[in-house]
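The sequence shown lines up with residues 0 to 330 when you count with numbering that gives the first Met the number 0.
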Amino acid sequence: MNKKTMTADDMAIQREAQAWVVRLASHAVTEDDAHAFRQWCAQNRAHATAFSQARSVWSAMRPAAMQLKQHEAIRQDAAAGMRKGRRAFLGGAVAASVAYLAFRPPMELWPSLGEVAAGFAADYQTATGEQRSVAMSDGLLVQMNTQTRINVQANVNNETGLELLSGEAEIQTDFHKENRVTVVAGGGVVSALRARFNIRYTGNNVCVTCVQGRVQVGQAIHRVTLDAGQQLSYRADDFGVPQAVNTSNVTAWRKRMLVFNQVALSEVVAEVNRYRPGKLILRSEELGRSKVQASFSIDRLDDVIALIRDAYGADVTQLPGGIVLLRKATA
Numbered sequence: 000m001n002k003k004t005m006t007a008d009d010m011a012i013q014r015e016a017q018a019w020v021v022r023l024a025s026h027a028v029t030e031d032d033a034h035a036f037r038q039w040c041a042q043n044r045a046h047a048t049a050f051s052q053a054r055s056v057w058s059a060m061r062p063a064a065m066q067l068k069q070h071e072a073i074r075q076d077a078a079a080g081m082r083k084g085r086r087a088f089l090g091g092a093v094a095a096s097v098a099y100l101a102f103r104p105p106m107e108l109w110p111s112l113g114e115v116a117a118g119f120a121a122d123y124q125t126a127t128g129e130q131r132s133v134a135m136s137d138g139l140l141v142q143m144n145t146q147t148r149i150n151v152q153a154n155v156n157n158e159t160g161l162e163l164l165s166g167e168a169e170i171q172t173d174f175h176k177e178n179r180v181t182v183v184a185g186g187g188v189v190s191a192l193r194a195r196f197n198i199r200y201t202g203n204n205v206c207v208t209c210v211q212g213r214v215q216v217g218q219a220i221h222r223v224t225l226d227a228g229q230q231l232s233y234r235a236d237d238f239g240v241p242q243a244v245n246t247s248n249v250t251a252w253r254k255r256m257l258v259f260n261q262v263a264l265s266e267v268v269a270e271v272n273r274y275r276p277g278k279l280i281l282r283s284e285e286l287g288r289s290k291v292q293a294s295f296s297i298d299r300l301d302d303v304i305a306l307i308r309d310a311y312g313a314d315v316t317q318l319p320g321g322i323v324l325l326r327k328a329t330a
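Next up, the structure:
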């Protein structure tokens, strides 16, 4: 099956369309918003097409979002000892559904209103599947991976300051100069001089891998120096210990490859979702525990769907907008 490979422009249009769906459904739309939306649609036929597809996915996933909203409301009522009538509960759930979808998209299918605002505020950012190279002053090179947002801080005393808001980047300093780089991420600080390292900030976890040279990692009272071939992860309540890793697997994304060595399928799906427009959704915990030993081209990520179907016998349901439901096949 031949499919057109999405370009960075295609992916940017898709994210803009998703953002318009969220904004127009938020009940906070102004006349200026409506005018801006009409202009956006008129710019390019691809804009209107992308919006139509995004709206179709919204409509297809609304029942799941409503169910999630109702379950959450039931739990909240039970915790507070409240007993509401069924009619009052359903009426409130329906009234809140659109706002709920805007601020807490079901299964993270949409950028929330907060994410939309934050994304436009970053100095540098990449869309889903996009990679970008940024050459900064003093020989500092930043290779940005998919869904990455970075702010640049002041350059003081030959030290360049960056803030990784989310995503992943490979950072290389000039090995011939005394120029240090400092990266703030997730409440910690990573510092390096004459080094190359990979830093990833997804969810609440920060993972730092030293590829060349030495890298210092600090958080609160913790301080660790990583040598080449070592990796450390930390989060707000946990500072890990250095571990030896295969750096070529960590940096495979630089060659537009994803490498998995005996990784749970649920983790594979989560990683693929960072690169692929739309969403792969696992509907079986048992299927998600299956181990995967494989490598995939970032430009052919639908091969992952074929693997899950053929190697694990999963049922595959395709929905508009690149949404794919994966279930354990029934006998």
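Note that beta-carbon positions come from the ideal geometry of N, C-alpha and C, so glycine has one too.
In this structure, the CA atom of Gln-230 is about 5 angstroms from the CA atom of Pro-241.
For Val-240, no alpha helix (DSSP H) segment is defined, and its DSSP state is neither H nor E. Classified as buried, Glu-169 has 16 or more neighbouring CB atoms from the shown chains inside 10 Å of its CB. For Thr-246, the enclosing alpha helix (DSSP H) covers residues 246–249. For Glu-285, the closest C-alpha among the options Val-180, Leu-325, Ala-45 and Ile-297 is that of Leu-325. Between Leu-264 and Ile-297 a beta carbon distance of about 18 angstroms is seen, past the 8 angstroms cut, so the two are scored as non-contacting. Counting C-beta atoms within 10 angstroms of its own C-beta, Lys-176 has fewer than 16 neighbours from the protein chains shown and is therefore classed as exposed. Counting along the chain, the unbroken beta strand (DSSP E) around Asp-226 starts and ends at 221–226. Restricted to the segment 130–157, the beta strand (DSSP E) segments that are unbroken, complete and at least 3 residues in length are 131–134, 140–143 and 148–151, listed in chain order. Comparing alpha-carbon positions, the option among Arg-273, Val-207 and Arg-222 lying closest to Asn-245 turns out to be Val-207. In this structure Gly-312 is exposed. Its beta-carbon is surrounded by fewer than 16 other beta-carbon atoms within 10 angstroms.
Per DSSP, Asn-178 is not a residue of any alpha helix (DSSP H), being assigned neither H nor E. The beta carbon of Ala-227 sits closer than 6 angstroms to those of Cys-209 and Gln-211, all from its chain and outside the five residues before and after it, given in chain order.
A Cβ-Cβ distance of about 13 angstroms is found for the pair Gln-218 and Tyr-200, leaving them out of contact under the 8 angstroms criterion. Nearest in C-alpha terms to Val-249, of all of Ala-49, Gly-160, Glu-167 and Thr-159, is Glu-167.
Look at Gly-187 here: in three-state DSSP terms it is strand. At the C-beta level, Ala-47 and Cys-40 come within 7 angstroms of one another. If you draw a straight line from the Cα of Arg-288 to the Cα of Ile-307, it comes to about 12 angstroms. The residues Val-189, Val-207, Val-223 and Leu-231, in chain order, have a CB closer than 6 angstroms to that of Val-216 in the same chain once the five nearest residues on each side in sequence are set aside. According to DSSP, Ser-294 shares a beta bridge with Val-258.
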